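Residue numbers (my numbering): 717 to 860.
For glycine and all other residues, C-beta sits at the position ideal for the given N, C-alpha and C.
Treat the numbers as computed from the prediction; the structure is a model and nothing was measured.
Here it is in structure tokens:
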């Protein structure tokens, strides 16, 4: 992988992952699939978009649990400071090859917010969802 692209294997892993939002009941998102539960969740919160993001493992580099936890707390604090609401979640590898990553669904976050979060927390990609419930992979600006 060079600085201008993500490997096919990395992209495939992101596209195969389950993006779970913890609530009653939990909601699972999949890239490229419309999800009526997510659409309803956004409508209930009066927002037209959301971003699913983690601060774990910057640019795919595995960090310790303590380092990842500290990064995630910084992300949570940033979201609180921004005035947006976030719901807890996890990015899950259905094949169990990589460990689930604590994540947040940031309600009301836009694609611009997504880019800012990827830049700040050095993430290869995030999931953006709009009012129709379609989950879309958005890659880091350097990969576009």
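Can you tell me which of the three DSSP states residue i falls into?
i           : result
residue 718 : For residue 718, the pLDDT reaches just 45, beneath the cut-off of 50, and the residue's location in the model is therefore unreliable, although a value from the coordinates is still provided. Correct three-state label for residue 718: coil.
residue 729 : helix
residue 748 : coil
residue 772 : coil
Less than 8 Å separating the beta-carbons of residue i and residue j?
i           : j           : result
residue 834 : residue 845 : no
residue 824 : residue 816 : no
residue 735 : residue 851 : yes
residue 722 : residue 840 : yes
residue 837 : residue 791 : yes
residue 757 : residue 764 : no
residue 761 : residue 826 : no
residue 770 : residue 797 : no
residue 805 : residue 768 : yes
residue 755 : residue 848 : yes
residue 818 : residue 775 : no
residue 809 : residue 733 : yes
residue 853 : residue 743 : no
With respect to the alpha helix (DSSP H) encompassing residue i, which residues constitute its N-terminal and C-terminal limits?
i           : result
residue 755 : 752 to 760
residue 781 : 781 to 798
residue 834 : 827 to 837
Over what stretch of residues does the beta strand (DSSP E) that includes residue i continue unbroken?
i           : result
residue 806 : 801 to 808
residue 735 : 734 to 737
residue 852 : 851 to 855
residue 745 : 743 to 745
Who are residue i's beta bridge partners in DSSP?
i           : result
residue 767 : 822, 844
residue 817 : 807
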